[in-house]
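S.K.:
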Amino acid sequence: RTSTMIIWLFVGSSSFASVFAYLGGQDIFDAFFKSLNLEAWQFLVVTQILIFVLGWPLEWTEIIIIFVPIFLPLVKYYGIDPYFFGILIGLNLQTSFLSPPMAMAAFYLKGVQGDRVSLKEIFKGGYPFIYMVILSMVILYLFQPLSTWLPNYLFGQGG
21 RTSTMIIWLF VGSSSFASVF AYLGGQDIFD AFFKSLNLEA WQFLVVTQIL IFVLGWPLEW
81 TEIIIIFVPI FLPLVKYYGI DPYFFGILIG LNLQTSFLSP PMAMAAFYLK GVQGDRVSLK
141 EIFKGGYPFI YMVILSMVIL YLFQPLSTWL PNYLFGQGG
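The sequence shown begins at 21 in our numbering and counts up one residue at a time.
#1: Buried or exposed: which applies to Gln62, given that a residue is buried once 16 or more other Cβ atoms fall within 10 Å of its Cβ?
#2: I believe Val66 touches Leu58 by the beta-carbon criterion, under 8 Å. Please report the beta-carbon distance rounded to the nearest angstrom.
#3: Could you pull out every unbroken alpha helix (DSSP H) segment of at least 4 residues lying fully inside the stretch 114 to 167, listed in chain order?
#4: In angstroms, rounded to a whole number, what distance separates the CA positions of Leu108 and Gln68?
#5: Go ahead and label Lys144 buried or exposed: buried means 16 or more other beta carbons lie within 10 angstroms of its beta carbon, across all protein chains shown.
#6: Please specify which runs of the alpha helix (DSSP H), each continuous and at least 4 residues long, are wholly inside the stretch 41 to 72, giving them in chain order.
#7: On the three-state DSSP scale, how would you describe Tyr98?
#8: Tell me, to the nearest whole angstrom, how far the beta carbon of Ser167 is from that of Phe104; I am working on the premise that it is less than 8 Å.
#9: Pair every Cβ in the stretch 132 to 143 with every Cβ in the stretch 90 to 105, then say whether three or more of these pairs are closer than 8 Å.
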């Protein structure tokens, strides 16, 4: 049942993304962002805030399948390394998955633990991790080559 549910999430998300692109939604999205005349760092901040907020009610699979194909042409337009952008998305989704008000991970844990632990205790235990991830994102924003240093070192410049 779980596998079927996940497959249907992928089917629905992929269908939405395909119809969105076919109907010209990608062009509208591109034109909108380009009309804002943002710098690359501003584009990163706007997209990361959007992904963070969407990470509260939506699963990570839906966000990746729907929004990454929408943002990827803009990432190239702004001259941002796609690997760097992907790493930021991963960190961002992890943070939104743990952050109140939705904090899906906290509710999953509460469902497993039952009355042995309160939701308040779960939130309190997650805050140090959230702060570390946010600090990691700030460090990556400031020192972008850190995000691709290890893959480049291990696999060569081409990744």
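Note that the Cβ used here is the ideal one computed from N, Cα and C, for glycine as well.
M.R.: Reading from the atomic positions:
#1: Gln62 should be labelled exposed.
#2: At roughly 7 Å, the Cβ-Cβ gap stays under 8 Å, so Val66 and Leu58 are in contact.
#3: For the stretch 114 to 167, whole alpha helix (DSSP H) runs of length 4 or above, ordered along the chain, are 124 to 133 and 139 to 162.
#4: Looking at the two C-alpha atoms, the distance is approximately 8 Å.
#5: Under this definition Lys144 is an exposed residue.
#6: Taken in chain order, the complete alpha helix (DSSP H) segments of 4 residues or longer contained in the stretch 41 to 72 are 45 to 55.
#7: Here Tyr98 sits in coil by DSSP.
#8: Distance from Ser167 to Phe104 at the Cβ level is roughly 5 Å; contact confirmed, criterion being Cβ atoms closer than 8 Å.
#9: With a cut-off of 8 Å on Cβ pairs, the stretch 132 to 143 is not in contact with the stretch 90 to 105, counting fewer than three such pairs.
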